[in-house]
Structure formats: C-alpha cells, structure tokens
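Enquirer: The following block contains the structure, expressed as structure tokens.
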Amino acid sequence: MTRPSRRAAAGTRLALNWGWKQRPCETTMTPETHAMLPVRPSPEMPDAATHAAPSTAAGRRFADRRDAGRELALRLAAYAHRDDVTVLALPRGGVPVAAEIARALDAPLDILVVRKLGLPGQPEYAMGAIASGDVRVLNTQVIQQLAISYSAIDIVTRAEMRELHRRERLYRGDRPMPAIEGRQVILVDDGMATGATMRAGVQALRDLQPARIVVAVPVSAAETCHLISQDADEVVCGQTPERFRSVGQWYETFEQTTDDEVRRLLANSAECRAMAKT
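So that you can map any letter, position 48 of the sequence shown is 911 in our numbering, and since no number is skipped, the others follow by simple counting.
Below, the structure is given as structure tokens:
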C-alpha cells in the first residue's frame, strides 16, 4: 500500500480547513475529502487495533481542544457518513474535541458520564466505577482483598449515582441516553495520562453492547495508549510523546471546559442533526 503524497496530504488539510470556516451545521468530511484521506482499517475488523503516532521526544502542541478534535478527525475518516456511528464524549474536557469529530464525520454527539466508586473512608482509591446507562463495574479483586461489604458498596454507589444523574440532567436535559447496542461507538477525551477514567468508561460501555468501541484521544502517554487497547476494539492516539507529564502541556490553551459550553455544544449538535433530517 502506497502512502499518500505530501501534495495529497496538503490538499486534505486544505479541504478540511475550508470546511471549518463553513456554517456550524455543515459536515466537513465530504466524500471528496474522505477519498483523499489515508485508508484506515475496516471498522468491521474483529481484532483489536491500536493506531498511535510514533513516540517522539517532542510533539505538536494543539492550539486548543477544537484544534485537537479537527486533527483527530483525520484519523477517523473510515467512520465518516455512516448511519451506525455514535460519538460519545467524556465530559467536560472531551466534549469540545468530540464535537469537532462528530461534525467532521457527520455523526451524532452525546456524552458518557463516568464516576469513580471510591473506597469507604479512602475515596481517592477506586473499587469500581459507574457510567451513563446505570452501568456499574466493580473491581472484585480489590473488594475481596479488603473485605468490603456489599452494603458499603451500595452506599457509595447510590451517592455517586445521584451525582451522575445530576450531571446528566445538567448536560443532556430531558433527552434520554442514546441507544448504543449494535453501534460503532467512538469514545473521546482530550487526552489520557493514567487512562483510569477512559478505561472505566470502556468497561461500562461494554454492558450496553455496542458493536465496536473506538477510543480516540489527541494525545496520550504511550503506555496508557497500549493499556487501553486491552479493553477497546480500536485505540486512536494522535500523539504519544516520550516526555509526557500531563495532558495540558500539549495544548497552548487548556482552560477548563464549562458546564455551559458542554450544554451549548450538545444542543448545537442535536439541533444540526434535527435540521438535517427535515
């Protein structure tokens, strides 16, 4: 398989850059642009795949999360213009990244809220996690080793579930959790350091029976990118720099994403999808 020429790659970037200046509801991954992109493995491939840029001492800093999302969308071209793809973001930082990906791929955007289940009396240590869809994943090894009772687990679960539902109402309003069963799900965050939240999200998402889970992040620690591949069907890490200390160091602007911005991006995506159907 031959690599695309630099001229073709430049043409791809140019086509996409023009797209980002168009109206917010317009998809940017046109069929012509899609054809110019490097060929990706088929989403139907059953074996797990990890696509990470080679580890280098220096990496490119993204201007902001939107810029990172646009760059990452190039690596997800195989999922453009499909009717079985859903883009899910881990709020809050993952939402601006995912919004650009969803727009480029012409796919619906939603969120997957994940909450850690901390040990009783030591909440900084996890014994499991819960996620949107009332999914709970427990670390049975930790629970058995520490002899944590199921009543104690239920107390922590109920408290975290209340907070999870509060955040879902805050971000999603009255809209229900989208149907995930049988769909190609792209799970997005703004980066991965330890990958604990992403791994919990993938494990919880499995219970909703998607056809395929694709983890996509603009930047990640190399070992974390490899670790996540044990749980996801495909992992796309835009950059895996050797000198990785934190996600924020790879963004020129890394301001905290606000609740209002999350709501605005989700509402705008839903409105655009509704307009496209009329």
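Quick reminder that beta carbons are idealized off the backbone N, C-alpha and C, glycines included.
What's the gap between the Cα of residue 1048 and the Cα of residue 1042?
Expert: Their backbone Cα atoms lie some 10 Å apart in a straight line.
Enquirer: Within the same chain, show all residues whose beta-carbon is closer than 6 Å to that of residue 947, passing over the 5 residues directly before and after it, in chain order.
Expert: Correct list, in chain order: 1046, 1047.
Enquirer: Using three-state DSSP, classify residue 1025 as helix, strand or coil.
Expert: Residue 1025 falls in the helix class under three-state DSSP.
Enquirer: Excluding sequence positions up to five away, which residues of its chain have a Cβ less than 6 Å from the Cβ of residue 905?
Expert: In this prediction, residue 905 has a pLDDT of 40, which is less than 50 and means its spatial position is unreliable; what the coordinates show is noted afterwards. If we look at residue 905 and ignore the five residues flanking it on each side, it has no Cβ neighbours.
Enquirer: What does residue 974 pair with, by DSSP beta-bridge criteria?
Expert: Answer is 952, bridged to residue 974.
Enquirer: May I have the straight-line CA-CA distance separating residue 1003 from residue 1087, to the nearest angstrom?
Expert: Approximately 22 Å, taken between the alpha carbons.
Enquirer: Would you tell me roughly how many angstroms separate the C-alpha atoms of residue 945 and residue 968, rounded to the nearest one?
Expert: Each residue's Cα considered, the two are about 8 Å apart.
Enquirer: Count the other CB atoms within 10 Å of the CB of residue 1104; is the residue buried (16 or more) or exposed (fewer)?
Expert: That one is buried.
Enquirer: Could you spell out the range, first to last residue, of the alpha helix (DSSP H) harbouring residue 1124?
Expert: From DSSP, the alpha helix (DSSP H) with residue 1124 extends over 1122 to 1140.
Enquirer: Taking Cβ positions, are residue 1095 and residue 1065 nearer each other than 8 Å?
Expert: Yes, Cβ-Cβ distance for residue 1095 and residue 1065 is below 8 Å.
Enquirer: Classify residue 1058 as buried or exposed, calling it buried when 16 or more other Cβ atoms lie within 10 Å of its own Cβ.
Expert: Buried.
Enquirer: Quick check on DSSP: helix, strand or coil for residue 959?
Expert: Helix, per DSSP.
Enquirer: Taking just the CA atoms, how far does residue 1120 sit from residue 972?
Expert: If you take the alpha carbons of residue 972 and residue 1120, they lie about 17 Å apart.
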